[in-house]
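Undergrad:
Take a look at the structure:
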């Protein structure tokens, strides 16, 4: 089959790789119908060293089950399914607590002999725990929306949930990428009254307004912080959803959070030290979040998509074929595209 | 009156200062019956630069109301009262939410013309919001226990509450100082089943066992982390209460917390950057806590002291007169004494 491989910074290739086969009784093989490029794919795209041992890319996909191992009971050939961005058994103690990202039998796509999601098919380990059946056909118009369950919608929702967003709450979302926009949707779902989106790309922040942002702040740094404080009676918002991952975004988060408030970070941190010292200690600021256990939220979020009450798939502003994926990476990296759909 | 002044590192003096007087209608004047030295007093004791403008020391005291301003309604002369380690109006939005440390009309003892607690008396701003009446006489044997309501018991409790300690929980307490021991008491009050106390001073950790610790780990760093993991099936505890304030203690906290768990820090951080990067992000670790709004917890905790079900005053292992307070600082700093009571 054809799959996407990263040979180094700026070097994405689509090549022939081995067809996926059942290796363990708990595996399934899924023919991929829809996949996409993630903002987090851009970190290695920008910085990975050159290698002859390329990385298999992609961790967001949905498709049709083609074959199942002998121990798989929950899905069968022909089922349309979505895969969260980590696989997990969904039965261990961590999984039962909704922390599938810490599953002892789980892992990530594209490493240790597991396929990536940006290809024509994938072997899915722990298929019963991982795959979630979608009650639609493979030609459904809802597929782009449902694909967001694999990562960005659940990641934005994880930010809002771990921050403890509740009805009437005030929330700042930092970052107007796909995850930031999903965080806006999520804050609104949980009943936030004030949702301030910090971002500089008007096409994106306009979509954020459609999704529920009540205000947009384009300024950054001290100026942006001052602007959010103006909008909140000087205090900042009770919750801040940090959807970027850069140190500046964390500094900005602490700057706009109200005393006693919570910053939840879901942008993968590109820094090892967090500037979170005595001042924020005196203000009783909490820093929570982390990698999203998408599997934990899919059942809860899917109905909102099926009824059309949320349309997270609007973040996809370009669709390409698999063979053109290198240009998709380029377009996202150049901020020409917000998020790119890939049809294998 | 006589009061304690810090002129620089290792230079504590008891001197004559102006007697406290009502300055605002919301003030009260309290004759101090019992005070103490705090672990946090040792930071400036160890490091403050020499000055001719000495700092008024002390933020934990109880005593008898001598005089009240015209707007004070909640306490009257003769009342025995305890003061939390910050004063607050207890009516603003932050106070009503239980975050009296962020009160717009609040502040700390010993600065801006407000007396410290290590003296013979103090003017108490926002007396109605700040002072809590104690239903005992000034000769009560419970006074040392009740004095812990001004800081350490509430600080330990803040750690446990912000960490979300619940019935059946597993908790590591880092630090065997007075706050760490109060955190043990608090974790037990909230129903924790496993309470591991990390500390190296056996007299203190023995007291910790009396207070409810189910295990003690004397090792530090990697060795200490490994030991806690041994005691918890390899996973670490769900909650970690960091009662030290040093960077090593935070590193240790992240090392012993279970995936998805919470570290609450109540030791004033002596560092501005927290080593809290990608690895802990992938484990969904939360960092919460902060300076304790002691006032928020006094009403809830006092009954446990009055009934004798907890005896936090056992942390006091030395009693001195005010004139000898310099030796009290020395003894605590040399770890000769755990916590020193001061009788003015």
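Residue numbers (my numbering), protein chains in the order written: chain A, 2 to 345; chain B, 2 to 345. Beta carbons: idealized from backbone N, C-alpha and C, even for Gly.
Suppose you measure from the CA of residue 10 of chain A to the CA of residue 40 of chain A; what does that come to, to the nearest Å?
TA: Position 9 of the first chain, counting from 1, holds the residue named residue 10 of chain A. Position 39 of the first chain, counting from 1, holds the residue named residue 40 of chain A. Residue 10 of chain A and residue 40 of chain A: Cα-Cα distance of roughly 15 Å.
Undergrad: List in chain order: all unbroken alpha helix (DSSP H) runs of 4+ residues lying wholly within the region 173-219 of chain A.
TA: DSSP runs (the alpha helix (DSSP H)) wholly in the region 173-219 of chain A: 179-190, 203-212.
Undergrad: Which stretch, first to last residue, makes up the beta strand (DSSP E) that contains residue 240 of chain B?
TA: Translated into the one-based positions of the second chain, residue 240 of chain B becomes position 239. Where residue 240 of chain B is concerned, the enclosing beta strand (DSSP E) stretches over 238-243.
Undergrad: So what's residue 340 of chain B in DSSP terms, helix, strand or just coil?
TA: One-based indexing of the second chain puts residue 340 of chain B at position 339. Three-state result, residue 340 of chain B: coil.
Undergrad: Strictly by DSSP, which residues pair up with residue 63 of chain B?
TA: Stepping through the second chain from its first residue, residue 63 of chain B is reached at position 62. BP columns for residue 63 of chain B point to B:35, B:83.
Undergrad: Three-state secondary structure (DSSP) at residue 229 of chain B?
TA: Within the second chain, the letter at position 228 stands for residue 229 of chain B. Helix.
Undergrad: Can you name the residues of chain B whose CB is closer than 8 Å to the CB of residue 3 of chain A?
TA: Locating residue 3 of chain A in the first chain gives position 2, where the first residue counts as 1. By Cβ distance, chain B contributes nothing, its closest Cβ being about 30 Å from residue 3 of chain A, past 8 Å.
Undergrad: On a CA-only basis, which of B:31, B:118, B:103, B:202 is nearest residue 1 of chain B? Give me that one, please.
TA: With chain B covering 2 to 345 only, the question about residue 1 of chain B has no answer from this structure.
Undergrad: At a CB-CB cut-off below 8 Å, which residues of chain A make contact with residue 286 of chain B?
TA: Along the second chain, one-based indexing puts residue 286 of chain B at 285. Chain A residues near residue 286 of chain B: 291.
Undergrad: Is it the case that the region 237-252 of chain B contacts the region 168-187 of chain B, given that we only count it when at least three CB pairs across the two stretches are under 8 Å?
TA: The answer is yes - the region 237-252 of chain B touches the region 168-187 of chain B, with three or more Cβ pairs under 8 Å.
Undergrad: For the pair the region 279-293 of chain B and the region 149-169 of chain B, tell me if three or more CB-CB distances fall below 8 Å.
TA: The region 279-293 of chain B is in contact with the region 149-169 of chain B.
Undergrad: Should residue 340 of chain B go down as buried or exposed, given a rule of 16 or more other Cβ atoms within 10 Å for buried?
TA: What you label residue 340 of chain B is simply residue 339 of the second chain in a count that begins at 1. Per the 10 Å Cβ criterion, buried.
Undergrad: Pull up the DSSP beta-bridge partners for residue 57 of chain B, would you.
TA: One-based indexing of the second chain puts residue 57 of chain B at position 56. DSSP output for residue 57 of chain B lists B:6 as bridge partner(s).
Undergrad: Out of curiosity, what's the CA-to-CA distance linking residue 257 of chain B and residue 275 of chain B?
TA: Your numbering for residue 257 of chain B matches position 256 in the second chain. Your numbering for residue 275 of chain B matches position 274 in the second chain. Each residue's Cα considered, the two are about 16 Å apart.
Undergrad: Per DSSP, residue 14 of chain A forms a beta bridge with which residues?
TA: If you number the first chain from 1, residue 14 of chain A lands on position 13. Partner(s): A:6.
Undergrad: Which residues, in order along the region 238-259 of chain B, keep a beta-carbon less than 8 Å from a beta-carbon of chain A?
TA: Taking 8 Å as the Cβ-Cβ cut-off against chain A, none of the residues of the region 238-259 of chain B qualify.
Undergrad: For residue 91 of chain A, count the other beta carbons within 10 Å of its own beta carbon; 16 or more makes it buried, fewer makes it exposed. Which is it?
TA: Working through the first chain from its first residue, we reach residue 91 of chain A at position 90. By the 10 Å Cβ count, residue 91 of chain A comes out buried.
Undergrad: Which one or two residues does DSSP pair with residue 275 of chain B in a beta bridge?
TA: By 1-based counting over the second chain, the position of residue 275 of chain B is 274. Looking at the DSSP assignment, residue 275 of chain B forms a beta bridge with A:275.
Undergrad: Can residue 132 of chain B and residue 29 of chain B be called in contact, C-beta distance under 9 Å?
TA: The residue given as residue 132 of chain B occupies position 131 in the second chain. The residue given as residue 29 of chain B occupies position 28 in the second chain. Contact flag set, yes.
Undergrad: Determine which residues of the region 155-173 of chain A have a Cβ less than 7 Å from any Cβ of chain B, and write them out in chain order.
TA: The residues in question: there are none.
Undergrad: To the nearest angstrom, report how far apart residue 137 of chain B and residue 230 of chain A are at their CA atoms.
TA: Mapped onto the second chain, residue 137 of chain B falls at position 136. Mapped onto the first chain, residue 230 of chain A falls at position 229. For residue 137 of chain B and residue 230 of chain A, the distance between alpha carbons rounds to 46 Å.
Undergrad: If the cut is a Cβ gap below 8 Å, which residues of chain A does residue 46 of chain B touch?
TA: As a first step, residue 46 of chain B is located in the second chain; it is residue number 45 there, counting from the start. In chain order: nothing, as chain A lies at least about 17 Å away.
Undergrad: Compare the C-beta of residue 103 of chain A against all C-beta atoms of chain B and say whether one is closer than 9 Å.
TA: Along the first chain, read from residue 1 onward, the residue named residue 103 of chain A stands at position 102. Yes, contact with chain B.
Undergrad: So who's on the other strand from residue 171 of chain B, going by DSSP bridges?
TA: Here residue 171 of chain B is taken as the residue at index 170 of the second chain, counted from 1. DSSP lists B:195 as partners of residue 171 of chain B.
Undergrad: Are the Cβ atoms of residue 27 of chain B and residue 126 of chain B separated by less than 9 Å?
TA: Mapped onto the second chain, residue 27 of chain B falls at position 26. Mapped onto the second chain, residue 126 of chain B falls at position 125. Yes; because the gap between Cβ atoms is below 9 Å, this pair is in contact.
Undergrad: Considering only residues of the region 78-132 of chain B, which uninterrupted beta strand (DSSP E) runs meet the minimum length of 3 residues and lie entirely inside it, listed in chain order?
TA: Listed in chain order, the complete beta strand (DSSP E) runs (minimum 3 residues) inside the region 78-132 of chain B are 81-84, 122-125.
Undergrad: Per DSSP, which residues does residue 321 of chain B bridge with? Please list them.
TA: Within the second chain, the letter at position 320 stands for residue 321 of chain B. Per DSSP, B:343.
Undergrad: Based on the DSSP output, what are the partners of residue 289 of chain A in its beta bridges?
TA: Residue 289 of chain A sits at position 288 when you count from the first residue of the first chain. Paired residue(s): A:265.
Undergrad: Could you give the first and the last residue of the continuous alpha helix (DSSP H) run that contains residue 163 of chain B?
TA: Within the second chain, numbered from 1, the residue matching residue 163 of chain B stands at position 162. Where residue 163 of chain B is concerned, the enclosing alpha helix (DSSP H) stretches over 153-164.
Undergrad: Using only CA atoms, which one of B:186, B:253, B:266 lies nearest to residue 223 of chain B?
TA: The residue labelled residue 223 of chain B in the question sits at position 222 within the second chain. Of the listed residues, the one whose Cα sits closest to residue 223 of chain B is B:253.
Undergrad: Nearest by alpha-carbon distance to residue 327 of chain B: which of B:260, B:119, B:188 is it?
TA: Within the second chain, the letter at position 326 stands for residue 327 of chain B. It is B:119.
Undergrad: Can you tell me whether DSSP reads residue 68 of chain B as helix, strand or coil?
TA: Counting from one through the second chain, the residue named residue 68 of chain B turns up at place 67. In the structure shown, residue 68 of chain B sits in a strand (DSSP, three-state: E or B).
Undergrad: So residue 230 of chain B contacts chain A; which residues on that side make the cut at Cβ distance below 9 Å?
TA: As a working mapping, residue 230 of chain B is identified with position 229 in the second chain. Result: empty, since nearest Cβ-Cβ is about 15 Å, beyond 9 Å.
Undergrad: Can you tell me whether DSSP reads residue 332 of chain A as helix, strand or coil?
TA: Locating residue 332 of chain A in the first chain gives position 331, where the first residue counts as 1. Helix, per DSSP.
Undergrad: Under the rule that 16 or more other beta-carbon atoms within 10 Å means buried, what is residue 304 of chain B, buried or exposed?
TA: Position 303 of the second chain, counted from the first residue, corresponds to residue 304 of chain B. Residue 304 of chain B comes out exposed.
Undergrad: Is the region 147-158 of chain B close to the region 56-63 of chain B, with three or more CB pairs under 8 Å?
TA: Taking 8 Å as the limit for Cβ pairs, the verdict is that the region 56-63 of chain B does touch the region 147-158 of chain B.
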